[in-house]
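Heads up: the structure comes next, in structure tokens.
Chains as they are written, first to last, in the numbering used here: chain A, 1 to 73; chain B, 1001 to 1389.
This is the structure in structure tokens:
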């Protein structure tokens, strides 16, 4: 089963993104991103069951734009 | 021991700081931002909370603006060497610590020049004008101490920053002696960079520095390496604060910083300043009453002069005075305090001076004991002086 994880560019940004989602009432946690070829280590934000809601919030706040940030994987 | 060397580092540290540091070895023993296991994540959370609390303390926009460095010198090097390129120019005050002067001297080998603006203690208009006159078209940075680590002279950094903004020149404030005692606020002060020594006025352990900035991406890096992210790439990441934070952090010190910030918040910066001024004034007055003691600054008032000052006993090398005090169990620092520029300014480059710097823990009784020992030191030095004659 797919487990959507928003990858962001650093652990600090992952925690900022998590706190932002929590302020929006979306439960979220920071997790280690599974190894991805061509990318290496990283962290992401997991918003169980509310990824679609979380996505526009994170994009608007710039957490998923540029760098190596990406959408749910 | 009576400890009056708080300008070098505060001692003692609050009980809660000692506990937090010890606790970090037990609960936060893993490397933050490197692994995905529970202790690594818990440690990363601790570091993140410390960043957020430091951002709040320095009125920075968010936790990305807080860089943990090895010390304040490292933070200053990161700003100075990350900004100045061959052909560029910097303006500094005439009171700077070697943490500023030595990097600039090193950069002079690469065609970077600098001007030392004269400081007029107590005359902020004249000081700001001196900084303005020192600007050149190629000036790329102003670096200015907030409080002289030798004389306690407090510089009008907010006004210098406002002036610098008019000319589009970024300003870096060396808050090594002021953070925790005076307000140093990134946004309100219009500062581009704040460098701080949390082991002083923030009562954190040694081995940690702070660089507060919302312009970190603009700095060239002076240290590259592992950041725990995007590790497939040999390129240094752009994201702050990791961009300027290669290598493993001093986590126990970061834990101590959190506790130190809580200590300062709880006591309140205003009350700490009020207390330090009270005991510094008592020490200053006791010294003024002694023959042959030379004071170089007026009584600390908190406006133009912070609660730190230096003195010397006429005819006695400053190290001898400090040694006599040490023999009586009083810890002070003598010599040039790594700030020859500040000593040149006051004409004490040859003799050095003895610095007195209290902390939130210094008591009136300790100052009375210090005064009694100083009376004896001066009396003995007079006897030696007569014998030599």
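Don't be surprised by glycine CBs; every beta carbon is placed ideally from N, CA and C. Note that the coordinates shown come from a computational prediction; the quantities given were computed from them, not determined experimentally.
- When C-alpha distances from residue 1220 of chain B are compared across B/1199, B/1244 and B/1248, the shortest belongs to B/1244.
- Taken in chain order, the whole alpha helix (DSSP H) runs of length 4 or more contained in the stretch 1114-1163 of chain B are 1124-1134.
- Taking a cut-off of 8 Å on C-beta distances, the stretch 1354-1364 of chain B touches the stretch 1309-1323 of chain B, as three or more cross pairs fall below it.
- At the C-beta level, residue 1076 of chain B and residue 1103 of chain B come within 8 Å of one another.
- Taking residue 1089 of chain B as the centre and dropping the five residues before and after it, the same chain places the C-beta of 1113, 1136, 1138 and 1139 closer than 6 Å to its C-beta, in chain order.
- Rounded to whole angstroms, the gap between the alpha carbons of residue 1361 of chain B and residue 1201 of chain B is 11 Å.
- Less than 8 Å separates the beta-carbon of residue 1305 of chain B from that of residue 1153 of chain B.
- The continuous alpha helix (DSSP H) containing residue 1251 of chain B extends over residues 1251-1267.
- Interface residue (Cβ-Cβ distance to chain A less than 8 Å): residue 1003 of chain B is not classified as such.
- Counting only runs of at least 4 residues, the stretch 1050-1108 of chain B fully encloses the following alpha helix (DSSP H) elements, listed from N- to C-terminal order: 1072-1083 and 1098-1108.
- With a beta-carbon spacing of about 6 Å, residue 33 of chain A and residue 43 of chain A fall inside the 8 Å limit used to define contacts.
- Membership of residue 1171 of chain B in the beta strand (DSSP E) is indicated by the continuous run 1171-1174.
- DSSP places residue 1283 of chain B within a helical segment (H, G or I) once states are collapsed to three.
- In this structure, the straight-line span from the alpha carbon of residue 1081 of chain B to that of residue 1108 of chain B is close to 11 Å.
- The continuous stretches of beta strand (DSSP E) do not include residue 1222 of chain B, and DSSP gives it neither H nor E.
- Residue nearest to residue 1218 of chain B within the set B/1192, B/1227, B/1260 and B/1228 is B/1192 (criterion: CA-CA distance).
- In terms of Cα proximity to residue 1302 of chain B, the closest of B/1074, B/1247 and B/1182 is B/1182.
- Around the C-beta of residue 1169 of chain B, 16 or more other C-beta atoms lie within 10 Å, and the residue is accordingly described as buried.
- When 7 Å is used as the limit between beta carbons, residue 1044 of chain B is near these residues of chain A: 11, in chain order.
- When beta bridges are read from the DSSP output, residue 1356 of chain B appears opposite B/1309.
- Inclusion of residue 1186 of chain B and residue 1060 of chain B in the CB contact set at 8 Å is warranted, their separation being smaller than that value.
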